[in-house]
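Asks: Residue numbers are given in full-length UniProt numbering: position 49 of the sequence shown equals residue 49, and the series is strictly consecutive. Ideal placement from N, C-alpha and C gives every residue a C-beta, glycine not left out. Before we start, here is the structure in question, set down as structure tokens.
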Amino acid sequence: EVESTGDAISLLINVKLSQTWLETVLEKIKELLPLMSTGELVSLLANLAARGRRRLDILPLIAAAFHANPNLLTVNQLCTLAQSMSTLEFVDARLLRRIASDTIVNGNAIKKWSSISTLAVSFAKLRFGHTRAWRTLTNWINANYRLIFVHYHFFY
């Protein structure tokens, strides 16, 4: 019996479940969504994306749980969320607003070009046109473009 959010996420991520067990675990996850942390919600969406499971019965519920959870996403969580949404081709206005606001707030916390690349590609795939979020990315690029050349010359 799955009792905690951690158990449910762990089962989904680490155990190869038959279709019957997968349905059972997903039903339990639906019940536990309001109790999940931001990290667990990101992991759940990432796992569904990795498995290619575009579950329209659970995706809006995950979006609602994100909307109810006010914790700021880390840069890695933001990248994973945006990439998972683009992989699943899941566009939800609440999640897009969350991605926009957390991208703007986290602009100075972005440290890696790979994060910028992940966000930009995901934004493009989602046809995400939030001007301030894009401006945050372009400001970071303009402030850090020299680093790519230093990195490139150092390794090559």
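Can you have a look at VAL75 and say buried or exposed, based on whether 16 or more other CB atoms are within 10 angstroms of its CB?
Replies: The residue in question, VAL75, is buried, as its Cβ has 16 or more Cβ neighbours within 10 Å.
Asks: Quick check on ILE62: does DSSP put it in helix, strand or coil?
Replies: Three-state result, ILE62: helix.
Asks: Tell me, to the nearest whole angstrom, how far the beta carbon of PHE90 is from that of LEU59; I am working on the premise that it is less than 8 Å.
Replies: Indeed they touch by this definition, with Cβ atoms about 5 Å apart.
Asks: Along the chain, where does the alpha helix (DSSP H) that runs through SER84 open and close?
Replies: Start and end: 75-88.
Asks: When DSSP labels each residue in this structure, what does GLU3 get in the three-state scheme?
Replies: In this structure, GLU3 counts as coil in the three-state DSSP scheme.
Asks: By DSSP, does SER18 sit in helix, in strand, or in coil?
Replies: Coil at SER18, not helix or strand.
Asks: Just reading off the alpha helix (DSSP H) that ASP102 is part of, what are its end residues?
Replies: From DSSP, the alpha helix (DSSP H) with ASP102 extends over 93-105.
Asks: Using only the alpha-carbon positions, how far apart do ASN47 and ARG132 sit?
Replies: The alpha-carbon atoms of ASN47 and ARG132 are separated by roughly 29 Å.
Asks: Run through DSSP, which three-state label would HIS67 get?
Replies: Helix, per DSSP.
Asks: GLU23 to GLY6, Cα distance in whole Å?
Replies: Going from the Cα of GLU23 to the Cα of GLY6 covers about 17 Å.
Asks: Between which two residues does the alpha helix (DSSP H) holding SER114 run?
Replies: Counting along the chain, the alpha helix (DSSP H) containing SER114 begins and ends at 113-125.
Asks: DSSP on ILE9, reduced to helix/strand/coil?
Replies: Three-state result, ILE9: helix.
Asks: On the CB-based measure, 16 or more other CB atoms within 10 Å of its CB, does TRP140 come out buried or exposed?
Replies: Looking at its Cβ environment, which holds 16 or more other Cβ atoms inside 10 Å, TRP140 is buried.
Asks: According to the neighbour-count rule (16 or more other Cβ atoms, all chains shown, within 10 Å of its Cβ), is SER37 buried or exposed?
Replies: So SER37 ends up on the exposed side.
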